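Position in the sequence shown (from 1) plus 81 gives the number in this note's numbering. Glycine included, each C-beta is placed from N, C-alpha and C at the ideal position. None of these values were measured; they are calculated from a predicted model. Taking it in order: structure first as structure tokens, then the write-up.
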Amino acid sequence: MCGIIGFVGKEPAAPILLDGLARMEYRGYDSAGVAVRSETAGLQIRKTKGRLQVLSDLIHGGADLDGSLGIGHTRWATHGEPNDINAHPHVSENGRIALVHNGIIENYMELKEHLMRQGVHFTSDTDTEVVAQLLEFHYNECHNMLEAVGRCLRRIEGSYAFGIICADYPNALIAARKDSPLIIGYGKNGNFIASDVTAIIKYTRDVAYMDDGEIAVLTADSVDVFDDEMSPVEKAHSTIDWDVSAAEKGGYAHFMAKEIMEQPEAIRKTVSPRIRDGRVVLDDLHLPEEYVRGLSRIFVIACGSSYHVGVVSKYIWEKLLRRPVEVVLASEFRYSDPLVDERTLVIVISQSGETLDTMAAMREAKRRGGRTLAIVNVVGSSIAREADDVLYTWAGPEIAVATTKAYSTQLVLMDLVGLYLAEKLGTVAEDEYEAILSEMQLLPDKMQRFLDHTEDIQYFASRYFNHGSVFFIGRNLDYAMGLEGSLKLKEISYIHSEAYASGELKHGTISLIESGTLVVALGTYAPLFDKAMSNVVEVKARGAEVLALTTEDFREKMEKTADATIAVPVTHPLLQPSLGVVPLQLFAYYVALQRGCDIDKPRNLAKSVTVE
Ligand code: F6R
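Have a look at this one:
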């Protein structure tokens with residue numbers, strides 16, 4: 082949510098800033114801006130409403146701005162509508178300090194009123210401008226930029242990642258972080274800050290993750306980091322081991338299409354290293370045997386699609402572990418006075434590892450004595466670093482705002498953890514354990530087989546893309562999978578859709594089914610296939626148009642009743658959602674394509690939700 086980048090070095094900064102912002106545009110795309118310091122022109126600020134391309138055209142790809150110190154921002158508006166004035170960077174009244182910000186300053190009104198009483202004039206509606214003005218105020222007091230930043234940070238409440246430049250410090254880039262991600266990149270021709278490694282991987286793989294409360298001062302050939310008491314901090318360096326091409330479209334029209342196609346490989350990478358001699362081996366999980374045996378309850382907390390993974394996993398884990406599993410939206414969990422104690426395991430699922438609600442919920446669980454295990458995709462992210470244990474999904478960078486491969490890898494990793502715990506608890510029969518594990522290893526090939534022929538889904542999308550409202554219905558694992566199918570469709574195609582437990586339809590919602598209403602009926606969970614069929618008959622009798630999803634062995638039966646049928650390969654019933662979700666992703670993708678939507682950057686959304 083909002084992407085920030087900064088560069089100080091021996092090369093022109095503007096093209097580097099634009100390139101980095103382009104790779105982070107998924108974080109926010111309602112406006113963009115840069116500030117570049119030049120010998121002759123001083124601080125040059127260019128910012129504009131709209132996509133990054135508008136900014137790039139405005140400054141001719143960066144050629145208009147000389148100087149090798151700069152900051153850039155791509156915005157997802159929180160305070161103040163997306164317009165030229167509210168776009169970042171924000172500049173202090175005397176024009177000498179510019180900053181970009183990701184996060185929210187919670188006490189900005191109070192600070193703004195205070196500064197206005199001192200005669201400061203504001204131009205924007207943002208919380209960020211307050212920080213620019215406050216910086217100038219403290220700088221005028223102490224005439225030392227680092228000290229001014231320290232004073233300012235002590236007064237602001239909320240979350241932030243800042244990139245700051247000051248006309249009086251022509252060679253220094255200052256950064257600070259609290260509860261919003263920020264990394265430092267150490268390059269040959271200069272140093273960087275960025276919200277995400279994707280922005281700078283082209284220039285360097287050598288990075289350090291800033292921690293809460295830290296302030297960094299970067300020059301072309303030095304990086305100094307300080308804690309909140311201004312004591313120097315020695316940062317550990319990490320090396321990014323994926324290639325820049327992993328964050329490029331590679332010939333696909335959209336990142337989402339590429340990422341859907343990458344799922345077999347992502348699942349293979351997530352699963353294979355964790356199966357040895359027919360057993361699940363989780364080297365990074367350090368749960369003592371006694372703790373596992375004494376577990377009283379399990380929570381899964383997450384947001385959005387990651388929450389949907391939790392809903393699928395609840396069905397699977399309760400079968401395997403015979404322990405209560407409660408799945409709670411992170412935004413609800415944190416304020417719910419949750420019943421967590423030392424015998425509670427709290428699983429936290431997050432692709433980005435930066436979702437603010439998920440992080441806050443995790444901290445609340447820890448505060449109450451719970452043990453936290455994070456399932457995260459982004460290495461070194463805040464949630465990964467704060468959890469008691471972390472298991473990574475090896476999906477690689479996910480750029481499209483709508484998640485696909487992260488969802489799939491989270492799901493298989495949850496399956497593996499479920500099996501692992503069930504074995505420790507002795508709650509899974511050996512033949513069931515073996516059957517699930519061997520099917521799990523076959524998932525990538527089966528998924529690939531399905532992905533090789535997606536023509537029928539394209540055809541169904543062209544048939545149904547004009548529907549204004551869609552219902553996804555299913556029972557048990559199919560219901561859980563339907564939640565994700567429905568979210569995918571609504572977020573990228575803007576079609577209103579709902580996921581319903583089929584058995585619940587009769588209790589009200591069936592009144593909305595009328596002639597021609599599109600119902601996506603999910604019948605992939607073999608033990609309840611007959612029930613799924615009855616629900617198809619039920620909605621057909623009310624005039625619904627039914628697009629059914631089932632498995633290859635039930636295709637014939639389903640085709641007799643449904644108007645259109647998609648069939649996925651058969652796997653173990655508990656793993657079936659891993660295959661079933663793929664056509665739902667593709668259906669959403671092709672429908673959005675037909676409707677001419679901006680698939681990778683849907684309106685109002687951003688990939689990493691670092692505000693509450
Ligand atoms: C939907 C989607 C979101 C995320 C949610 C949580 O396609 O991507 O619903 O799943 O914002 O994000 P993470 O997993 O990064 O915590």
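How big is the Cα-Cα spacing for residue i and residue j?
i           : j           : result
residue 574 : residue 484 : 14 Å
residue 260 : residue 441 : 10 Å
residue 587 : residue 239 : 46 Å
residue 140 : residue 315 : 38 Å
residue 557 : residue 444 : 31 Å
residue 540 : residue 600 : 16 Å
residue 487 : residue 665 : 15 Å
residue 383 : residue 627 : 31 Å
residue 186 : residue 213 : 12 Å
residue 312 : residue 226 : 16 Å
residue 221 : residue 435 : 35 Å
residue 353 : residue 251 : 50 Å
residue 595 : residue 643 : 16 Å
residue 291 : residue 275 : 10 Å
residue 645 : residue 514 : 35 Å
residue 364 : residue 121 : 56 Å
residue 597 : residue 282 : 49 Å
residue 491 : residue 458 : 8 Å
residue 138 : residue 103 : 13 Å
residue 324 : residue 110 : 25 Å
residue 257 : residue 153 : 15 Å
residue 516 : residue 361 : 13 Å
Just to confirm the assignment, what range does the beta strand (DSSP E) spanning residue i have?
i           : result
residue 83  : Counting along the chain, residue 83 falls outside any beta strand (DSSP E), and DSSP gives it neither H nor E.
residue 626 : 626-632
residue 156 : 150-156
residue 470 : 470-473
residue 68  : Residue numbering for the chain in the displayed model covers 82 to 693; residue 68 lies beyond these limits and cannot be assessed.
residue 183 : 178-186
residue 424 : First-last for residue 424: undefined, no H or E at that position.
residue 296 : 296-300
residue 159 : Segment: none, residue 159 is in no beta strand (DSSP E) and carries neither H nor E.
residue 407 : 406-410
residue 522 : No beta strand (DSSP E) contains residue 522, which is instead part of the alpha helix (DSSP H) from 511-532.
residue 577 : 577-582
Let's test the definition: count the other Cβ atoms within 10 Å of the Cβ of residue i and tell me whether it reaches 16, buried, or not, exposed.
i           : result
residue 134 : exposed
residue 326 : exposed
residue 691 : buried
residue 118 : buried
residue 198 : exposed
residue 130 : buried
residue 189 : buried
residue 331 : exposed
residue 317 : exposed
residue 395 : buried
residue 605 : buried
residue 277 : buried
With distances taken from CA atoms, which of the options is nearest residue i?
i           : options            : result
residue 405 : 426, 389, 387      : 426
residue 334 : 684, 680, 693      : 680
residue 155 : 161, 98, 195, 199  : 98
residue 366 : 671, 473, 318      : 473
residue 651 : 607, 152, 158      : 607
residue 672 : 547, 639, 647      : 547
residue 388 : 217, 408, 403      : 408
residue 410 : 616, 403, 439, 395 : 439
residue 403 : 385, 508, 318      : 508
residue 493 : 653, 322, 633      : 653
residue 320 : 291, 285, 299, 297 : 285
residue 415 : 433, 374, 380      : 380
residue 303 : 194, 294, 451, 268 : 268
If you measure from the CB of residue i, is any heavy atom of ligand 2 nearer than 6 Å?
i           : result
residue 484 : Among the ligands modelled here, namely ligand 1, ligand 2 does not occur.
Just curious, the alpha helix (DSSP H) that residue i is in, first and last residue?
i           : result
residue 101 : 94-104
residue 574 : 558-574
residue 394 : 385-402
residue 641 : Segment: none, residue 641 is in no alpha helix (DSSP H) and carries neither H nor E.
residue 663 : 657-675
residue 489 : 486-506
residue 143 : First-last for residue 143: undefined, no H or E at that position.
residue 537 : 536-545
residue 125 : Where residue 125 is concerned, there is no enclosing alpha helix (DSSP H), although the beta strand (DSSP E) it sits in stretches over 123-130.
residue 453 : From DSSP, residue 453 is part of no alpha helix (DSSP H) but of the beta strand (DSSP E) over 452-457.
Under 7 Å between C-beta atoms, does residue i make it to chain D?
i           : result
residue 211 : The displayed structure is made up of one protein chain only, and chain D is not part of it.
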